[in-house]
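Working notes, structure below.
Protein chains: 2
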Amino acid sequence: MAVTITDVARHAGVSRSTVSYALSGKRSISASTRDRIAEAITSLGFTANAGARALATSQTMVLGLLTQFHQDEFAPAMLQYVLPISDTARELGYDILLVTELDATDALRRVTSAGMVDGVLLLDVIHEDPRLDTLRAAAQPGALVGLPKDTEGLDVFDLDFGESARILVDHLFGLGHREIIVISPPLHVFERGGAYGWRFRDAALERGARYGLQMHSYYGESQQPTIGQSVNAILDARPTATALIVHNDATIAALPSILAARGVRVPDDLSVVSLFSKDFGRSFSLPYTAVESSPDQLGQHAVRQLVRRITTPELAGAPVTRFIAPELAIRGSTM
Amino acid sequence: MAVTITDVARHAGVSRSTVSYALSGKRSISASTRDRIAEAITSLGFTANAGARALATSQTMVLGLLTQFHQDEFAPAMLQYVLPISDTARELGYDILLVTELDATDALRRVTSAGMVDGVLLLDVIHEDPRLDTLRAAAQPGALVGLPKDTEGLDVFDLDFGESARILVDHLFGLGHREIIVISPPLHVFERGGAYGWRFRDAALERGARYGLQMHSYYGESQQPTIGQSVNAILDARPTATALIVHNDATIAALPSILAARGVRVPDDLSVVSLFSKDFGRSFSLPYTAVESSPDQLGQHAVRQLVRRITTPELAGAPVTRFIAPELAIRGSTM
DNA sequence: CTGAAAGCGCTTACAG
DNA sequence: CTGAAAGCGCTTACAG
Numbered sequence: 001m002a003v004t005i006t007d008v009a010r011h012a013g014v015s016r017s018t019v020s021y022a023l024s025g026k027r028s029i030s031a032s033t034r035d036r037i038a039e040a041i042t043s044l045g046f047t048a049n050a051g052a053r054a055l056a057t058s059q060t061m062v063l064g065l066l067t068q069f070h071q072d073e074f075a076p077a078m079l080q081y082v083l084p085i086s087d088t089a090r091e092l093g094y095d096i097l098l099v100t101e102l103d104a105t106d107a108l109r110r111v112t113s114a115g116m117v118d119g120v121l122l123l124d125v126i127h128e129d130p131r132l133d134t135l136r137a138a139a140q141p142g143a144l145v146g147l148p149k150d151t152e153g154l155d156v157f158d159l160d161f162g163e164s165a166r167i168l169v170d171h172l173f174g175l176g177h178r179e180i181i182v183i184s185p186p187l188h189v190f191e192r193g194g195a196y197g198w199r200f201r202d203a204a205l206e207r208g209a210r211y212g213l214q215m216h217s218y219y220g221e222s223q224q225p226t227i228g229q230s231v232n233a234i235l236d237a238r239p240t241a242t243a244l245i246v247h248n249d250a251t252i253a254a255l256p257s258i259l260a261a262r263g264v265r266v267p268d269d270l271s272v273v274s275l276f277s278k279d280f281g282r283s284f285s286l287p288y289t290a291v292e293s294s295p296d297q298l299g300q301h302a303v304r305q306l307v308r309r310i311t312t313p314e315l316a317g318a319p320v321t322r323f324i325a326p327e328l329a330i331r332g333s334t335m
Numbered sequence: 001m002a003v004t005i006t007d008v009a010r011h012a013g014v015s016r017s018t019v020s021y022a023l024s025g026k027r028s029i030s031a032s033t034r035d036r037i038a039e040a041i042t043s044l045g046f047t048a049n050a051g052a053r054a055l056a057t058s059q060t061m062v063l064g065l066l067t068q069f070h071q072d073e074f075a076p077a078m079l080q081y082v083l084p085i086s087d088t089a090r091e092l093g094y095d096i097l098l099v100t101e102l103d104a105t106d107a108l109r110r111v112t113s114a115g116m117v118d119g120v121l122l123l124d125v126i127h128e129d130p131r132l133d134t135l136r137a138a139a140q141p142g143a144l145v146g147l148p149k150d151t152e153g154l155d156v157f158d159l160d161f162g163e164s165a166r167i168l169v170d171h172l173f174g175l176g177h178r179e180i181i182v183i184s185p186p187l188h189v190f191e192r193g194g195a196y197g198w199r200f201r202d203a204a205l206e207r208g209a210r211y212g213l214q215m216h217s218y219y220g221e222s223q224q225p226t227i228g229q230s231v232n233a234i235l236d237a238r239p240t241a242t243a244l245i246v247h248n249d250a251t252i253a254a255l256p257s258i259l260a261a262r263g264v265r266v267p268d269d270l271s272v273v274s275l276f277s278k279d280f281g282r283s284f285s286l287p288y289t290a291v292e293s294s295p296d297q298l299g300q301h302a303v304r305q306l307v308r309r310i311t312t313p314e315l316a317g318a319p320v321t322r323f324i325a326p327e328l329a330i331r332g333s334t335m
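Chains as they are written, first to last, in the UniProt record's numbering: chain A, 1 to 335; chain B, 1 to 335.
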């Protein structure tokens, strides 16, 4: 079978503990011993068994990544979070256990209570997320991506949707726009507790109200051709609006062709601003001025804080709720 | 700390082995004992430690999923494979270790030699895939999604790109088309050994030649606005072509707006056929007659065969190379 | 600088 | 039907 630490010890003529210490560097080893061990390891092709090590150290060096794929959600968005998380984890020495089960609460309980992971990342957290109670009861720490209603005792990371909305409204207001359409995520996103929907919308409406702007708020659609029909209906109903704020990936991806078909030129006939990630904008080549989110930063922060809590809980401090600052990228879709 | 099997045994007044057998059902237990154990388990909240179990059984119940994210590739496509794989694995009792490292060969060696997984799934396999040697040297079995040049000793699953191309050419030929444009994946996909590119293209050209058709072959682009420019240039250069076969997700996703902008009506002015998955077509609402691939079937087959090889190698038989049959979905984009 | 031994939490022959 | 014990492959106090 596989070569074990015992084989290495025998081959190098030392004890297993010495091999182990050589591996970990936790005590000093004479040069000659170290060399013999190194030689034995390479010539035998030894790699320490992860399970045995986990059992001995009670550290799996694995993080659970709990995703939820809402059938209605725009798939491309998910990968933008998963990849940076995986990369950052690896950088810190951790592997990723991908958990996609529909019954996320059950799955969370399973992987934590079986000790399969040292910590857990919850993606796509909603307002009242049923996973949170299970997480709080778990022996391992967790970090959330997405802001829930009750953050008690949890490390939370999210984009600053409120600030993003304000930045966009300010931008349009500064350019002289006085009647603005806001397209939010689809209604069912709100209904299932996707708080980013109302955090953005409410901030936008509030800001608009403060400036005395005429704001028109609509829900977006998640699929073509409904998106096109909906956008057309909205634009028909609001012929005097001069600007469009779109907070919906599916709509923004479809918008160029919808507006082209309608003969609407951007920004001459209509100013358009949005909120999406750099990667997303790039792969769909969205030419819109937008607040750019940074899924990679979000993921990085979440993983780093989680690992801190795992390895040095005393330094991790009190639970944090951290919002990633939005940045406005001007791309000429407004005037 | 966490509750162990010893706690359960003590609570139920039996030995650890009896608890273990009650858990596994590998020997008969008297009703009263079984009840006491069950009571102890629930009242203590016991879950067997996965690492300890793995060490004792040499089974981790984890599959490695090795993905490669080519920066040029269309992100949405990836998730269509990952999700069905994860679901099927869970159905069979396995969890998924997601490995996304750039140095995939190294990562593969790491997770296999450390015994972190019972088997491994390689996604996005290319013609001469450097991971294959490592896989062949590993103690665990593996399954590939994607056809490499040398399938020696490996279970391989892929879509039948050649047959897909033939089906589409046959369809167009049957409708009377005599001059056809084929848009393949981008050149760099070919260059890095993405064999699906030439498997499809070569089969299409060959079939066209057999029918005496005029076939024009081009590489696609991966991003807007280059895609639009390229398509426009191609259509300008081939004004008499009556049909378009598109084998490129990014191009097909962008095509509706490109053709609309050009004033080309489908199918009146141009027949369009493609090759994509149901999900993909749905989320981008592509109204094109197409050969539909089934990433879910692919993933399911790969996982099932892999698990068979893990659990009952004697029944898994000789290595298989299996192509998923394509299906033509007529959607009225041809005439 | 190094070794012998206990222990991590399970499973599974071996006995009865 | 059930238990005592060995073993999976590591790590880490404890000794020297």
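All C-beta atoms, glycine included, are put in the ideal place defined by N, C-alpha and C. Bear in mind the structure is a predicted one, so any value in this text is a computation, not a measurement.
Cβ pair residue i, residue j closer than 8 Å
i      : j      : result
B:F99  : B:V111 : Checking the displayed sequence, the identity of residue 99 of chain B turns out to be Val instead of Phe. Contact: yes.
A:L121 : A:V145 : yes
A:I85  : A:A302 : yes
A:L275 : A:F323 : no
A:A143 : A:Q297 : no
A:N248 : A:P185 : yes
A:K149 : A:E163 : no
B:G115 : A:G51  : yes
A:V8   : A:I29  : no
B:I245 : B:T289 : no
B:L66  : B:A104 : yes
A:Y211 : A:F173 : yes
A:V117 : A:G64  : yes
B:L147 : B:D155 : no
B:H171 : B:L286 : no
A:R309 : A:P141 : yes
B:T88  : B:G299 : yes
B:P256 : B:S293 : no
Span of the alpha helix (DSSP H) around residue i
i      : result
A:H177 : Looking at the DSSP string, A:H177 is not in any alpha helix (DSSP H), and its letter there is neither H nor E.
A:A52  : A50 to T57
B:A137 : R131 to A137
Run of the beta strand (DSSP E) containing residue i, from where it starts to where it stops
i                      : result
A:G299                 : Run containing A:G299: none in the beta strand (DSSP E); it sits in the alpha helix (DSSP H), P295 to T311.
B:S20                  : It is not in any beta strand (DSSP E) - B:S20 instead sits in the alpha helix (DSSP H) that spans R16 to S24.
B:T321                 : T321 to I324
B:T35                  : For the record, residue 35 of chain B in the displayed sequence is Asp; it is not Thr. No beta strand (DSSP E) holds B:D35; the alpha helix (DSSP H) holding it covers A31 to L44.
B:F190                 : Element bounds for B:F190: not the beta strand (DSSP E) but the alpha helix (DSSP H), L187 to E191.
residue 403 of chain A : Residue 403 of chain A falls outside the range modelled here, since chain A spans only 1 to 335, and no answer is possible.
A:A143                 : G142 to V145
A:A329                 : E327 to A329
A:V8                   : Per DSSP, A:V8 belongs to no beta strand (DSSP E); it is in the alpha helix (DSSP H), I5 to A12.
B:L65                  : V62 to L66
B:L275                 : S271 to S277
Same chain, Cβ closer than 6 Å to residue i, neighbours up to 5 away in sequence not counted
i                      : result
residue 338 of chain B : This structure cannot speak to residue 338 of chain B, because chain B is shown only from 1 to 335.
B:Q80                  : S277, D279 and P295
B:D36                  : Here the sequence assigns Arg to residue 36 of chain B, which means Asp is not the residue at that position. The answer, listed in chain order, is A12.
B:I5                   : R16 and V19
B:S230                 : E221
B:H177                 : T242 and A243
Sequence-distant residues of the same chain with beta carbon closer than 7 Å to residue i, five excluded per side
i      : result
A:V266 : L259, V272 and S333
B:R166 : A203 and R207
A:W198 : F190
Own chain residues within Cβ distance below 8 Å of residue i, not counting five before or after
i                      : result
A:D268                 : M335
A:I126                 : G146, P148, R192, G193, G194 and A195
residue 337 of chain B : Residue 337 of chain B is absent from the structure shown; chain B starts at 1 and stops at 335.
B:D160                 : F323, I324, A325 and P326
(request) Just list the alpha helix (DSSP H) runs in the region 211–256 of chain A, keeping only unbroken ones of 4 residues or longer that don't cross its boundaries, in chain order. (result) 226–237
(message) Closer than 8 Å is the cut-off here; do at least three beta carbon pairs connect the region 185–200 of chain A with the region 14–31 of chain B?
(response) no
(message) Could you check whether the region 50–66 of chain B touches the region 236–252 of chain B, counting it as contact only if at least three pairs of C-beta atoms, one from each stretch, sit closer than 8 Å?
(response) no
(message) Using a Cβ distance threshold of 8 Å, determine whether the region 167–187 of chain A contacts the region 215–226 of chain A, with at least three qualifying pairs required.
(response) yes
(message) At 3 residues or longer, what runs of the beta strand (DSSP E) sit wholly inside the region 84–118 of chain A?
(response) 95–99
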